[in-house]
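K.L.:
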Amino acid sequence: MNFGFTEEQELLRAEVRKFLNEKAPLEEVRKQCESEEGFDRGLWKQMAELGFAGLTVPEIHGGAGLDLVTLLVVLEETGRSLFPSPLVSNVIASQAIERFGNEEQQARWLPGFADGTRLGTLALLEEGDDLSPNGVQLQAKKDGEEIILTGRKLFVPDAGNADLFVVAYRMGPGPEEVGLALVEKGSVGVSASDFPAMDLTKRVGSLELTDTRIPSDHLLCEGGPAWSAIESLVELGAALVTAETVGAAEGALAITTSFAKEREQFGSKIGRYQGVKHPLAEIYVDIESYKSLIYYAFWALDEGHEGAALAISRAKAYASETFPLAGINGVQLHGGVGYTWEYDIQLYLKRGKWMRPIYGDADYHYDRIAQLGGL
Amino acid sequence: MNFGFTEEQELLRAEVRKFLNEKAPLEEVRKQCESEEGFDRGLWKQMAELGFAGLTVPEIHGGAGLDLVTLLVVLEETGRSLFPSPLVSNVIASQAIERFGNEEQQARWLPGFADGTRLGTLALLEEGDDLSPNGVQLQAKKDGEEIILTGRKLFVPDAGNADLFVVAYRMGPGPEEVGLALVEKGSVGVSASDFPAMDLTKRVGSLELTDTRIPSDHLLCEGGPAWSAIESLVELGAALVTAETVGAAEGALAITTSFAKEREQFGSKIGRYQGVKHPLAEIYVDIESYKSLIYYAFWALDEGHEGAALAISRAKAYASETFPLAGINGVQLHGGVGYTWEYDIQLYLKRGKWMRPIYGDADYHYDRIAQLGGL
Amino acid sequence: MDFQLSSQEEKFRDEVRAFLKDNLPPEGEKRPADFLAQWNTKVREKRWVGFSWPAEVGGGGGSLMEQVILKEEMARAKAPGLGTCFMGLAWVGPSIIQYGTEEQKQKYIPDILDGAYQWCTGYSEPDSGSDLASLKCKCVREGDEYVVNGQKIWTSIAMWSKMMILLVRTDTEVDSKHDGITCLLVEMDSEGLEVRPIKNMGGGAMFAEVFFNDVRVPVENRLGDEGQGWQVTVSALANERSSIAEVYGLRRKMDELEDLAERTVRAGQKAIEMPSIRRRLQRADIRIEAMRLNGQRFLTKQLRGEPLGSETSINKLHRAALEVEMGELAMEITGSASTLMRGSDVAPDNGRWADYALGWPEVVIGGGTPNIQKNIIAERLLGLPKD
Amino acid sequence: MDFQLSSQEEKFRDEVRAFLKDNLPPEGEKRPADFLAQWNTKVREKRWVGFSWPAEVGGGGGSLMEQVILKEEMARAKAPGLGTCFMGLAWVGPSIIQYGTEEQKQKYIPDILDGAYQWCTGYSEPDSGSDLASLKCKCVREGDEYVVNGQKIWTSIAMWSKMMILLVRTDTEVDSKHDGITCLLVEMDSEGLEVRPIKNMGGGAMFAEVFFNDVRVPVENRLGDEGQGWQVTVSALANERSSIAEVYGLRRKMDELEDLAERTVRAGQKAIEMPSIRRRLQRADIRIEAMRLNGQRFLTKQLRGEPLGSETSINKLHRAALEVEMGELAMEITGSASTLMRGSDVAPDNGRWADYALGWPEVVIGGGTPNIQKNIIAERLLGLPKD
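Protein chains in written order, with our numbering: chain A, 1 to 375; chain B, 376 to 750; chain C, 751 to 1137; chain D, 1138 to 1524.
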């Protein structure tokens, strides 16, 4: 029984934190995320070299072959520093290939994820914002061994930068007549771009496919297994986002706490007032609590434990309901300066608004808990 | 434009408050409500003599013939002092007769409400706790001009003391095949008693009817008009209870505030801490707000204004959601002593639990707001 | 209790309604290009700008109740504002009317009524926060001039203003921090005065920092006596009445939010039918109605000639909570699209809700943080000790 | 990270499970009349009472992890407690083991393990509230005796106890209020000692006031040195570990609440299907699961030999909120019947939910009010200044 990290994991945490503190303090994050691409490719390359990018990619494909609990440590740190990177999208795309691709597909695509040259993402949602099978409407036509895709995907994380999309499509009217294919950015009829959005550290956009021909070796799965695959990728996404949220929430709390220790009003540090202390204490209690839930979820994912999905939904529902409000509280406790562009707390507030709906909002996860046999 | 009380109404308030402070301070309230009947008949008689009991009964029937806004003033005061009396039940019963009874019925029953000799109540709910037409299942059989009633009414306010019940019954299977009849306690097959319940200042019980024969001059209305009548009585009940709640909530706030001004901890009055001040400020804001809503509702009731029902449901939903929590907060802010039998704040906490469901809980009134064309 | 208008008040209301019918295009109809200019001229002609100000300074000489009716009808009809010099009309004008010299009145009041230019308010300082009276902006008299050095912050629309009403400290040797403060009327193009807009988290700028480096202000531009600045300010802020228009603003936003929830379909369900959304919308709706009625109780007090005290904090606290909650609701209603901003074809209503959800601090913190409001209520209305 | 048990731990767990299978009637089955007496004898024989105490004083000498497994299995099986002398086992025993003389250990420890009688705790005083160390209960030494005068309050089960662990002030001339406090072991039938039960709002009495009027306590009944009382107490309270059993208690209550919502039909709808109820049940459920896992993180820290600090306040705060919320939920689920108490045929589950909804203060306030817990978190874990 050990609900903690190994020494190696703690060392990794220290290493990642040091790297991010040096290379991406918040003033640097601001620059990176305001750039055209929204992140620093050079830095991403360095992270890949240090093994952070391909952490979970199997060793035979050039990755570190580590488990998700180890990745969790990295995600807490990228979350804490609001580091803009394609990490989360990349893990989902590479796990899609690792879990559902055949050996050839794995050998072809995974090394790029390990060395940081490939950027992938999951393109699932469409108009209607529906995470149920019904939400997949992008049309596929069979043409021999190939399929031809036409339609538009929305709310695609890192759409503008991705060069490989894991795309959910629909073959027929039956609820689970869906499939998952890999679509390369360079293919004919593919167009992707990012939307102007609130949290500049997290890009989100759309993918348009017009008669895009997908060769058979780009198909991952179809039918019932495809729907299960999609569900498991949404789950994974929710887990990764919640792990980053733990770090981000701790970052926001640390900023607000140190502000409250410094700032004086009516001749006294504002951190002395219970009106400031108590909300901060409540935020702390919430963070520690969804932290426990998501830690457990990552362990259960690694073990293939049946409780993983339930734990993820509990953690994501809890975090989606509380972290956005913690950001608002943080800004309020700062007073006027909190909502100026110049102060950092507003960056965390925006992160809260970004994380709330992605890979399922609280409503979605509460319903999912019931589906999974929880309350 | 005048959102306040007249000088006469303020004088009445002062008079009622003086009467209650003298005759029913909380130590006296405790004695009265722990007695067999749960209230002091002598005091009730005095109130009737002063005109408080029959305030809204028309002058030709011996009452003061005043409007509901004037009654509101009395209710705020009986609420503030948690005065145990059949006032609310009596107003509902007498209004039922005044609104839906014929002249003979009015002349026969109303004078007793005016002089304090008659105690009435509305017997509506049954097993299933349903305020919709479906909730009325107590069976009526026609027998010539008379009807014969059999069934059990639950959650009947002041059941044990009432001598006249306004009873809702069902004639047939159609949703609105319901009726309202007057049932006297002394009739054959009538048995009523109070349940052991949390708030001793508010009795609640059951009424059992076994082949009880109701003469035709005891029938008030049937069919669609009866259902409208029942709805309007529930509305009235919700309004009266919310008015009493305003006073009760102010009473609870006053007790807690003065405790916070006196009590010292860690060398300082606890009322100095924002952890105490801020919840009290929030409670104050809530009280003032449902106060405004219910004041307006009473005026609208008097004017027969269409907005009355909506305003009542808004006020009751707001009060039902906040007053019970204010009671809990009050007890918590008192610390350990707050929940001893000896301290008064717990009496208000219990009042909160009593008022929450009666004449519709928040859920019921939110749904009703939508039905009435509000949001 | 009586919510009916008197016959005279009804007459005035009908006059306002007739004016609106004649001069405001029906909702949804396109307004002519020169509509706003014409509107401003017409309401000025009717003396509805500065409606409550005395007729002798060019105001409307209207009664409090008429003023309420006017604002209510305007808000209900979603008409543009009455007058364009927002802060001039809200508190600079009333301060000048009360404390100004004859010359000051003649020089500034007509321009405020005409909306000739904007005024801004130099109150807050970097270290004063909610504790306004702790201001330090230094001011020394040299002959016929005051010389000002220091800094102001959170000065709304400073970059678009021609004039500022400024609080400075002319005396530092005082027993109470409320003494030694003086009020000046300052031209924004004075030498040594620099305005730096403050970029907010939405990327825009409504507020600015204002720096004073040996800024010289003629003594005749002093409003009230030397050392009387706090008094001038308190009277001015008291003029900021529990605003009926403010509640109507929230009401309008609420209607739009309801409409948004009605239009938005997510996962095959209308957002307004999602229980978690619906109940919160209803709660907000009830609180706005409560604010409206609270306002009428405050108004009754004023009509009876009693001074309004700290009870307006009740509505301020409601408003602070509601602006945050309604922004959050807009986000939850629009789901995955909630964070998309202007310029994306799938951003709900072209990103205005995203802007709204980032815009609450200007309202919430500007009017005193919720913590300050709660302290005011606890200390002044409930009599609890200061912390 | 690893939630699996070691093979040795698994073996112990299996032993516990086998014991439970053999000795606990299946749920729903009637327990024999003498079941409890037999149970107590059996668990005592297995040395599961005082399981973590050293074997030489009669404890089980169990490891921390085994203790957790034991508690978890007991809670999961809804078994009765291990031992009946609640406070003796929780903190009196550990204090005596750590600070007691050999005589004291021999005199008291066996009785605590056997549940021969109850102990109570004389800590709080009327004016000390959450500020325990400000206690004033006067104690003067006269020869071989201490003479105690003063009052204690909130003494749980004082009326059913034979012994009390009492804190008194033996020295008033001290720099710190934590000095000058001494710990005594007092016979409840001492002359001059009076117990007055405190009736709670539910009508029952769990706590009492205890009055001391020249109560004489032999010096050999002092636990630890004179003036060492605060230290003895702090160690004792630290022994009150973030209790696994506590979370299981909440979990059990939650299951019952879910069952209540499933059984209760109001206005034709199951309460569990009412969105406003369901979502709140779900929220509470998630928080209980979070508490369980928080507890495992604390446990990991302890297993690594690190001391547990203020982080247990996290679960205390959750618990305080949950006990209130679950009581309120029970009320809202049962609607018009919610306030009916024992003795009415329509009271849900014969009024136990009404009792529950009035019972939270014993838990919430007893363990330090939520405000105190928030202060602890803010000051000790976040490093914010004291108020």
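Virtual Cβ for every residue (Gly too), placed ideally from N, Cα, C.
Taking C-beta to C-beta, are B:F570 and D:A1484 nearer than 8 Å?
P.N.:
Position 195 of the second sequence, counted from the first residue, corresponds to residue 570 of chain B. Position 347 of the fourth sequence, counted from the first residue, corresponds to residue 1484 of chain D. Against a cut-off of 8 Å, the Cβ pair of D:A1484 and B:F570 comes out as a contact.
K.L.:
Distance check for A:R170 and A:Q139, CA to CA, integer angstroms please.
P.N.:
Reading the first sequence from its first residue, position 139 is the one you call residue 139 of chain A. Reading the first sequence from its first residue, position 170 is the one you call residue 170 of chain A. Their Cα atoms are separated by approximately 5 Å.
K.L.:
Could you confirm whether any beta carbon from chain B is found closer than 8 Å to the beta carbon of A:G120?
P.N.:
By 1-based counting over the first sequence, the position of residue 120 of chain A is 120. Chain B, which has no Cβ nearer than 8 Å to the Cβ of A:G120, makes this no.
K.L.:
Would you report the Cα separation of C:M774 and A:S292, rounded to the nearest angstrom?
P.N.:
Counting from 1 along the third sequence, the entry for residue 774 of chain C is found at position 24. Counting from 1 along the first sequence, the entry for residue 292 of chain A is found at position 292. The question names Met, but residue 774 of chain C in the sequence shown is Leu. Spanning the two alpha carbons is a distance of roughly 59 Å.
K.L.:
Taking the alpha-carbon positions, what's the B:S603 to B:R455 distance?
P.N.:
Locating residue 603 of chain B in the second sequence gives position 228, where the first residue counts as 1. Locating residue 455 of chain B in the second sequence gives position 80, where the first residue counts as 1. So the alpha carbons of these two residues sit roughly 32 Å apart.
K.L.:
Check whether the stretch 865-881 of chain C touches the stretch 900-908 of chain C, counting contact only when three or more Cβ pairs, one atom from each stretch, lie closer than 8 Å.
P.N.:
With the cut-off at 8 Å, the stretch 865-881 of chain C and the stretch 900-908 of chain C touch.
K.L.:
Beta-carbon within less than 7 Å of A:P324's beta-carbon, same chain only, minus the 5 sequence neighbours each way: which residues are those?
P.N.:
The residue given as residue 324 of chain A occupies position 324 in the first sequence. Within the same chain, A:P324 has close Cβ partners G352, K353, R356.
K.L.:
Could you tell me which residues DSSP pairs with C:E895 in its beta bridges?
P.N.:
Against the third sequence, residue 895 of chain C aligns to sequence position 145. Answer by DSSP bridge pairing, in chain order: C:E892, C:P968.
K.L.:
Given D:T1221, which residues of its chain have a CB within under 7 Å of its CB, disregarding the five upstream and five downstream residues?
P.N.:
The sequence position of residue 1221 of chain D within the fourth sequence is 84, counting from 1. If we look at D:T1221 and ignore the five residues flanking it on each side, its Cβ neighbours are N1177, G1252.
K.L.:
Is there at least one Cβ from chain B nearer than 8 Å to D:M1338's Cβ?
P.N.:
Looking up residue 1338 of chain D in the fourth sequence gives position 201. Answer yes: the Cβ-Cβ gap between D:M1338 and chain B drops below 8 Å somewhere.
K.L.:
So, at 6 Å on beta carbons, what are the nonlocal neighbours of C:T1123 in its own chain, with the 5 sequence-adjacent residues on each side left out?
P.N.:
Reading the third sequence from its first residue, position 373 is the one you call residue 1123 of chain C. The question names Thr, but residue 1123 of chain C in the sequence shown is Gln. These residues qualify, in order along the chain: S1063, K1066, L1067.
K.L.:
Taking the beta carbon of B:R578 as the centre, do at least 16 other beta carbons fall within 10 Å, making it buried, or is it exposed?
P.N.:
Translated into positions along the second sequence, residue 578 of chain B becomes position 203. Under this definition B:R578 is a buried residue.
K.L.:
Within 8 Å (strictly less), CB to CB, does C:P1025 reach chain D?
P.N.:
On the third sequence, residue 1025 of chain C is found 275 positions in, with the first residue counted as 1. For C:P1025, the answer is yes, since a Cβ of chain D falls inside 8 Å of its Cβ.
K.L.:
State the start and end residues of the unbroken alpha helix (DSSP H) segment that holds A:Y410.
P.N.:
Any question about residue 410 of chain A goes unanswered here, given that chain A covers just 1 to 375.
K.L.:
Pull up the DSSP beta-bridge partners for B:P532, would you.
P.N.:
Mapped onto the second sequence, residue 532 of chain B falls at position 157. Answer by DSSP bridge pairing, in chain order: B:V579.
K.L.:
Between A:L414 and chain C, is any beta-carbon pair separated by less than 8 Å?
P.N.:
Nothing about residue 414 of chain A can be reported from this structure: the residues present for chain A run from 1 to 375 only.
K.L.:
Using the Cβ count rule (16 or more neighbours within 10 Å means buried), how would you classify A:G304?
P.N.:
Along the first sequence, one-based indexing puts residue 304 of chain A at 304. Under this definition A:G304 is an exposed residue.
K.L.:
Would you say D:K1148 lies against chain B (beta-carbon separation less than 8 Å)?
P.N.:
Here residue 1148 of chain D corresponds to residue number 11 of the fourth sequence, with the count starting at 1. Output row for D:K1148: interface = no.
K.L.:
Consider the Cβ of B:L446: report whether some Cβ of chain C lies at a distance smaller than 8 Å.
P.N.:
As a working mapping, residue 446 of chain B is identified with position 71 in the second sequence. No, no contact with chain C.
K.L.:
Within 10 angstroms of its Cβ, does C:T851 collect 16 or more other Cβ (buried), or is it exposed?
P.N.:
In the third sequence, the residue the question calls residue 851 of chain C occupies position 101. Under this definition C:T851 is an exposed residue.
K.L.:
D:S1473 versus chain B: which residues are under 9 Å apart at the beta carbon?
P.N.:
Counted from its first residue, the fourth sequence places residue 1473 of chain D at position 336. Chain B residues near D:S1473: L500, D504, L529, F530, V579, P732, I733, D736.
K.L.:
Assuming B:S581 and B:S568 are in contact, meaning their beta carbons sit under 8 Å apart, how far apart are those beta carbons, in whole angstroms?
P.N.:
On the second sequence, position 206 is the one that residue 581 of chain B refers to. On the second sequence, position 193 is the one that residue 568 of chain B refers to. Going by Cβ atoms, the distance from B:S581 to B:S568 rounds to 7 Å, so yes, they are a contact pair.
K.L.:
Exposed or buried, what is A:I60 when buried is set at 16 or more other beta-carbons lying within 10 Å of its beta-carbon?
P.N.:
To locate residue 60 of chain A, count along the first sequence from 1; it is residue 60. When all chains shown are included, A:I60 counts as exposed.
K.L.:
Taking C-alpha atoms, which residue in C:G953, C:T922, C:C870, C:T932 lies nearest to C:V969?
P.N.:
The residue you call residue 969 of chain C lines up with position 219 of the third sequence. Here the closest residue by C-alpha is C:T932.
K.L.:
Can you tell me which residues form a DSSP beta bridge with B:Y544?
P.N.:
In the second sequence, residue 544 of chain B corresponds to position 169, counting from 1. Answer by DSSP bridge pairing, in chain order: B:G554.
K.L.:
Could you check the C-alpha separation between A:R108 and A:K185 for me, to the nearest Å?
P.N.:
Translated into positions along the first sequence, residue 108 of chain A becomes position 108. Translated into positions along the first sequence, residue 185 of chain A becomes position 185. Between A:R108 and A:K185, the C-alpha separation is close to 16 Å.
K.L.:
Does the distance from the CB of C:N1011 to the CB of C:I948 come in under 8 Å?
P.N.:
Taking the first residue of the third sequence as position 1, residue 1011 of chain C is located at position 261. Taking the first residue of the third sequence as position 1, residue 948 of chain C is located at position 198. The sequence shown places Ala at residue 1011 of chain C, not Asn. No; because the gap between Cβ atoms is not below 8 Å, this pair is not in contact.
K.L.:
Quick one: give me the first and last residue of the beta strand (DSSP E) that D:D1248 is part of.
P.N.:
The sequence position of residue 1248 of chain D within the fourth sequence is 111, counting from 1. It is not in any beta strand (DSSP E) - D:D1248 instead sits in the alpha helix (DSSP H) that spans 1239-1251.
K.L.:
Helix, strand or coil for D:Q1406 per DSSP?
P.N.:
Numbered from its first residue, the fourth sequence carries residue 1406 of chain D at position 269. Strand at D:Q1406.
K.L.:
Going by other Cβ atoms of all chains shown within 10 Å of its Cβ, with 16 needed for buried, is C:P844 buried or exposed?
P.N.:
Taking the first residue of the third sequence as 1, we reach residue 844 of chain C at position 94. Looking at its Cβ environment, which holds 16 or more other Cβ atoms inside 10 Å, C:P844 is buried.
K.L.:
Could you check whether the stretch 306-317 of chain A touches the stretch 229-245 of chain A, counting it as contact only if at least three pairs of C-beta atoms, one from each stretch, sit closer than 8 Å?
P.N.:
Touching, per the Cβ criterion.
K.L.:
Could you tell me the alpha carbon to alpha carbon distance between D:E1460 and D:V1194, rounded to whole angstroms?
P.N.:
Taking the fourth sequence and counting its residues from 1, one reaches residue 1460 of chain D at position 323. Taking the fourth sequence and counting its residues from 1, one reaches residue 1194 of chain D at position 57. Distance between the alpha carbons of D:E1460 and D:V1194 is about 37 Å.
K.L.:
Starting from D:L1521, find everything on chain B with Cβ-Cβ shorter than 7 Å and list it in chain order.
P.N.:
Taking the first residue of the fourth sequence as position 1, residue 1521 of chain D is located at position 384. By Cβ distance, chain B contributes nothing, its closest Cβ being about 13 Å from D:L1521, past 7 Å.
K.L.:
Leaving out the 5 sequence neighbours to the left and right, which residues in its chain are closer than 6 Å to D:D1358 when beta-carbon positions are compared?
P.N.:
On the fourth sequence, position 221 is the one that residue 1358 of chain D refers to. Here residue 1358 of chain D is Asn; the residue named in the question, Asp, does not match the sequence. The answer, listed in chain order, is L1321, L1322.
K.L.:
Touch check for the stretch 539-556 of chain B and the stretch 483-496 of chain B: three-plus C-beta pairs under 8 Å?
P.N.:
Enough Cβ pairs lie closer than 8 Å, so yes.
K.L.:
Going along the chain, which residues of its own chain have a beta-carbon closer than 8 Å to the beta-carbon of A:A317, five neighbours each way excluded?
P.N.:
Along the first sequence, read from residue 1 onward, the residue named residue 317 of chain A stands at position 317. Cβ within range, chain order: A362, H365, Y366, I369.
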